[in-house]
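J.: When the letters of the sequence shown are read in order and numbered with the UniProt record's numbering, they come out as residues 1 to 757.
Questions regarding the structure given below will be posed in turn.
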Amino acid sequence: MKLIVEVVDAHDLMPKDGEGSASPFVEVDFENQLSRTKTVPKNLHPIWNQKLVFHLDKTKSFHRHTIEVSVYNERRPIPGRNFLGRVRIPCSNIVKKGEEAYQLFQLEKKWFLSPVKGEIGLKIYIEPETKPKIPPSPSSPSKILQQSSPSSPAHLSEPSSPAHLSESSSLRPQVTPSQAEITNLTSKTFSAIAKAEVPAIDSPNSTPAESKKENSVTATSSFVAVAESSYIDPDREPTEEIKESGQLRRETAHHIRKHKVLYHPGVSIEKPPQGNPFTMRPVTQQVHPDHQEDYNLKDTNPQLGERWPNGGAYGGRGWMSGERFTSTYDLVEQMFYLYVRVVKAKDLPPSSITGSCDPYVEVKLGNYKGRTKHFEKKMHPEWNQVFSFSKDRVQSSVLEVFVKDKEMLGRDDYIGRVTFDLNEIPTRVPPDSPLAPQWYRLDNRQGEGKVKGNIMLAVWMGTQADEAFSEAWHSDAASVYGEGVFNIRSKVYVSPKLWYLRVNVIEAQDVLPNDRNRLPEVFVKAQVGSQVLRTKICPTPTTNPLWNEDLVFVAAEPFEEQLAITVEDRVHPSKDEVLGKINLPLTTFEKRLDHRPVHSSWFNLEKYDFGVLEPGRRRELRFSSRVHLRVCLEGGYHVLDESTMYISDQRPTARQLWKQPIGILEVGILGAQGLLPMKMKDGHGSTDAYCVAKYGQKWVRTRTILDTFSPKWNEQYTWEVYDPSTVITMGVFDNCHLGGGEKANGSSVARDSRIGK
């Protein structure tokens with residue numbers, strides 16, 4: 001993955017050049033990766049619009065890291081720089097590409113007495129890295145020399161200037177770039193190279209004071225090393241030319257350090273460690289003189305009790321990206337279950353009558369039976385279904401797994417079976433790895449011999465903390481069929497992200513009424529989904545009305561609805577005529593995170609009748625009316641979607657503005673007692689209860705316990721807490737969708753009854 005920091009602009013910077021101005025540039029540091037923008041001369045309000053690209057290791061957690069953005073003034077003609085301010089941005093609020101928005105940050109001081117003022121505008125997001133196409137490597141150095149340009153220098157052993165740095169490679173199949181081309185490379189081109197391929201140069205006897213001045217040496221020499229190593233055949237033995245190239249890099253690096261070359265704009269570099277011997281080495285690898293150190297005990301910092309990073313989408317710190325913790329349930333009672341995973345079968349015998357096989361599997365434990373779906377005419381079926389039997393209701397000491405052939409008429413044919421003694425079944429408790437399935441040979445009906453066919457199964461004893469629990473068929477819900485099987489399972493929901501859509505209706509031009517003998521009394525009506533708002537009628541009848549009114553809607557991602565704008569004429573107190581309309585997708589509007597102004601735009605209106613009834617006459621319109629709007633999606637507010645007395649979330653919509661969570665809320669939903677009967681079943685009162693808990697954007701729903709007034713769920717869930725002055729809401733409902741086709745009194749779809757909250 002790649003981290004993109006788009007440096008847009010800055011405002012009201014501190015003058016530093018003694019002439020009331022400054023020549024600012026921006027330097028960004030992320031995990032010892034440095035990259036900088038170009039310098040804008042003599043401007044206190046610079047505009048860069050430059051993207052800086054950084055490598056992001058997706059195997060490591062980056063949520064606890066920060067991005068440091070520093071603004072400097074470049075001194076001329078004497079080389080140097082002055083500090084203008086910096087910003088530290090936590091990585092926990094980084095969004096993925098497509099969700100980024102322009103954001104202003106106030107510049108902060110580095111020291112107590114630093115004179116700093118102004119703000120900087122940035123866009124920060126994560127972009128998946130695409131694999132570059134690598135050209136084929138030549139087979140020998142002689143072929144490379146034959147493919148190189150005749151203008152390339154042939155002697156590489158005696159560099160006399162920094163320009164020879166680009167000529168030190170004899171292993172590239174392309175024309176070697178000049179020094180000017182190297183220094184003008186954008187940071188995007190350089191940062192796309194894998195971090196493990198970038199070697200750094202450690203300078204001897206370096207001090208912290210000199211490290212910043214000598215970082216440019218690493219930038220230039222690192223690029224040459226990457227350019228040389230990226231086209232080397234990995235299967236080829238090192239040659240003398242490679243050794244000469246490495247020696248050349250050392251000599252050239254000393255030459256550049258002697259002349260103190262400055263940073264080159266747009267070149268990403270790695271910070272070299274200080275005080276080590278002068279060697280070439282990859283940045284991400286550490287060479288230890290004593291290899292015994294690799295076998296020593298190392299102090300680690302695992303995220304115990306926390307979600308593994310990047311559990312689902314980019315930036316998983318928004319809500320808990322998984323449903324549960326990886327640890328066992330410690331706030332609920334352990335409930336033991338026998339799990340049977342039916343994976344697949346092979347080499348099943350065909351029927352003697354039909355010549356084919358329509359197999360399915362039946363899992364039997366005492367009086368409980370569960371069965372998979374059947375396949376038609378398939379000798380090697382795959383089911384991958386899980387069955388669970390509550391240990392409290394086990395009525396037998398033997399588990400039987402039958403493989404049968406479904407028949408259209410009559411009794412299904414028996415193919416074979418596998419039996420298990422419950423006393424020999426292993427126990428598995430997370431975070432142990434799942435039990436690997438095994439192949440079992442099928443026995444005949446009497447269990448005295450083998451028959452043709454094999455079945456792959458995994459059988460183990462576990463708890464409700466098992467990953468297979470939520471998707472398994474449960475023996476205590478064997479009476480549920482059809483769509484009801486999915487309606488009784490536990491679920492986790494995420495409410496959609498809500499935005500305020502602000503529509504500022506400014507004015508309109510050339511609004512012509514249908515009756516040309518009168519001036520129109522115009523107003524604008526806006527609609528998003530089922531939300532309809534309208535402006536006041538322009539106080540003066542005119543063809544160029546002015547309103548300057550704000551209309552605010554609530555829009556939900558992924559913004560499938562459109563903003564419908566209609567301009568109407570109040571002909572009569574009970575009659576309005578549509579003069580023009582336009583539909584605008586919500587995805588085209590800008591997202592605003594602060595108070596900065598949004599640019600307005602003119603939109604041409606379609607004639608109402610022509611656009612719908614007579615599309616052929618649309619070409620006859622010589623001109624059209626237009627409306628002036630300023631529209632944006634407000635991300636700096638929290639959309640109130642619940643009562644303020646029981647609010648569970650106060651964060652703004654934009655993830656970039658979220659603060660760090662203050663803790664974790666863990667809730668163990670144990671059970672309920674003394675519930676009332678909610679419906680009649682088989683002549684007696686019954687309740688099929690489940691529990692719902694809501695906090696923030698995350699809703700959880702437990703599984704449904706059938707036909708009991710004292711259900712026990714024993715399920716555990718977690719939420720991240722950002723504000724202690726919030727409320728979690730829990731409710732108990734009666735499930736009315738156990739058969740998939742129930743209907744309430746006169747209604748098309750039955751609704752679950754609320755028992756209490």
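The C-beta atom is built at its ideal place from N, Cα and C for all residues, glycine as well.
Quick caveat: nothing in here was measured; it's all calculated off a predicted structure.
Do V361 and F402 have their CB atoms nearer than 8 Å?
T.: yes
J.: Closest to M14 by C-alpha separation, out of T463, Y72 and W383, would be which residue?
T.: Y72
J.: Taking 8 Å as the threshold (C-beta atoms), are D734 and D682 in contact?
T.: no
J.: Using the three-state DSSP reduction, which class does G731 fall into: helix, strand or coil?
T.: In this structure, G731 counts as strand in the three-state DSSP scheme.
J.: Can you round the beta-carbon distance between E521 and I506 to whole angstroms, since I take them to be within the 8 Å contact cut?
T.: E521 to I506, Cβ: 18 Å. No contact.
J.: When burial is assigned at 16 or more other CB atoms within 10 Å of the CB, is W48 buried or exposed?
T.: By the neighbour-count rule (16 or more Cβ atoms within 10 Å), W48 is buried.
J.: Is the beta carbon of V394 closer than 8 Å to that of G366?
T.: yes
J.: Out of T535, S530 and G529, point me to the one whose CA is closest to F523's CA.
T.: T535
J.: On the DSSP letters alone, give me the boundaries of the beta strand (DSSP E) that V554 sits inside.
T.: L546 to A556
J.: Measure the C-alpha to C-alpha separation of G85 and A10 and round it to an integer number of angstroms.
T.: Approximately 11 Å between the Cα atoms of the pair.
J.: DSSP state of Y646, grouped into three classes?
T.: Y646: helix per DSSP, three-state reduction.
J.: Hey, A555 and L633: beta-carbon distance below 8 Å or not?
T.: In contact: A555 and L633 (Cβ atoms closer than 8 Å).
J.: Can you list, in chain order, the residues of its chain with a C-beta nearer than 7 Å to that of residue 783? Leave out the 5 residues immediately preceding and following it.
T.: Since the first and last residues shown for the chain are 1 and 757, residue 783 lies out of range.
J.: Count the other CB atoms, across all protein chains shown, that sit within 10 Å of the CB of W602; report buried if there are 16 or more and exposed otherwise.
T.: exposed
J.: Quick check on K364: buried or exposed, where buried means 16 or more other Cβ atoms within 10 Å of its Cβ?
T.: buried
J.: So, are the CB atoms of Y329 and A477 less than 8 Å apart?
T.: At least 8 Å separates the beta-carbon of Y329 from that of A477.
J.: So, for P496: in the same chain, excluding its five sequence neighbours on each side, which residues have a beta-carbon less than 7 Å away from its beta-carbon?
T.: A556 and E557
J.: Is T718 closer than 8 Å to S490 when the C-beta atoms are compared?
T.: no
J.: Among I126, Q509, P46 and K406, which one has its Cα closest to the Cα of L605?
T.: Q509
J.: Please report the straight-line C-alpha distance between P677 and I488, rounded to a whole angstrom.
T.: 18 Å
J.: List the whole-angstrom C-beta distance separating Y414 from R441, where the pair is believed to meet the contact cut-off of C-beta under 8 Å.
T.: That pair is no contact at about 16 Å.
J.: If you measure between the beta carbons of W699 and G671, is that distance less than 8 Å?
T.: No, the pair does not count as a contact, with Cβ atoms beyond the cut-off.
J.: Check A436 in the structure and name its three-state DSSP category.
T.: coil
J.: Quick one: what does DSSP say N423 is sitting in, helix, strand or coil?
T.: Reduced to three states, the DSSP call for N423 is helix.
J.: Return the chain-ordered list of same chain residues with a C-beta closer than 7 Å to the C-beta of K391, the five sequence neighbours on each side being excluded.
T.: F336, Y337 and L338
J.: With DSSP collapsed to three states, give me the class of T239.
T.: Reliability of the predicted coordinates at T239 is poor, the pLDDT of 42 falling under 50, and the value obtained from them is presented with this limitation in mind. Of the three classes helix, strand and coil, the one that applies to T239 here is coil, per DSSP.
J.: Could you work out which residue in P381, W439 and I455 is closest to G416 when comparing CA atoms only?
T.: I455
J.: Determine the contact status of T726 and Q673, defining contact as a CB-CB distance below 8 Å.
T.: no
J.: Return the bridge partner residues of P77 from the DSSP annotation.
T.: According to DSSP, P77 bridges with nothing at all.
J.: Taking a contact to mean a Cβ-Cβ separation below 8 Å, would you say V40 touches S23 in this structure?
T.: yes
J.: On the three-state DSSP scale, how would you describe A750?
T.: coil
J.: Quick one: using the 10 Å Cβ neighbour count with 16 as the cut-off for buried, is N93 buried or exposed?
T.: N93 comes out buried.
J.: Using 8 Å as the threshold, is the C-beta distance between V87 and V116 below it?
T.: no
J.: Taking just the CA atoms, how far does K58 sit from P289?
T.: Low confidence applies here, because P289 scores a pLDDT of 46, under 50, leaving its location unreliable; read the following figure in that light. Rounded to whole angstroms, P289 and K58 show a C-alpha spacing of 29 Å.
J.: When we look at the beta-carbon of D432 and count the other beta-carbons within 10 Å, is it buried (16 or more) or exposed?
T.: exposed
J.: Is the beta carbon of L629 less than 8 Å from the beta carbon of S600?
T.: yes
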